[in-house]
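> End of the sequence shown = 117 in our numbering, gap-free, step of one.
Beta carbons: idealized from backbone N, C-alpha and C, even for Gly.
Below is one structure. I have some questions about it.
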Amino acid sequence: YLGTEIDIVFTQKLLAFATLKIGYSHMFASDSMEILKGVPEPADNQFWGWAMLVVKPNFLKWSPKAIE
């Protein structure tokens, strides 16, 4: 057991092909994390914020046209 992590994420669709995700993460490290990482006296609580832009373009999407 290395610890517990809590994540909060906000998602906002910007365009038909783009989404913005913004988050906050908080890690509660256990004693075994110190042993595994080999860091003397690590912080018990670690936290960080992040942002991610997800783009899913559809210019590669292709469908055959029906033959009339």
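Near Ala-92, which residues of its chain fall below 8 angstroms by C-beta distance, leaving aside the five closest residues on each side in sequence?
What you label residue 92 is simply residue 43 of the sequence shown in a count that begins at 1. Correct list, in chain order: Ala-78.
> Our contact map puts Tyr-50 next to Ser-81 with C-beta atoms below 8 angstroms; I'd like the distance itself, whole angstroms only.
What you label residue 50 is simply residue 1 of the sequence shown in a count that begins at 1. What you label residue 81 is simply residue 32 of the sequence shown in a count that begins at 1. Tyr-50 to Ser-81, Cβ: 6 angstroms. Contact.
> State the DSSP-derived secondary structure class of Ile-116, mapped to helix, strand or coil.
Here residue 116 refers to the residue found at position 67 when the sequence shown is read from its first residue. If DSSP states are grouped into helix, strand and coil, Ile-116 belongs with coil.
> Tell me which same chain residues have a C-beta within less than 8 angstroms of the C-beta of Glu-54, skipping the five on either side of it?
Along the sequence shown, read from residue 1 onward, the residue named residue 54 stands at position 5. Excluding positions up to five away in sequence, the list reads Ser-74, His-75, Met-76 and Phe-77.
> Gly-98 to Thr-68, Cα distance in whole Å?
As a first step, residue 98 is located in the sequence shown; it is residue number 49 there, counting from the start. As a first step, residue 68 is located in the sequence shown; it is residue number 19 there, counting from the start. Whole-angstrom Cα-Cα distance: 17 angstroms.
> Tell me whether Asp-56 sits in a helix, a strand or coil according to DSSP, three-state version.
Start at 1 with the first residue of the sequence shown, and residue 56 comes out as number 7. Strand.
> Among Gly-52, Leu-64, Gly-87 and Gln-95, which has the Cα closest to the Cα of Pro-106?
Against the sequence shown, residue 106 aligns to sequence position 57. Here the closest residue by C-alpha is Leu-64.
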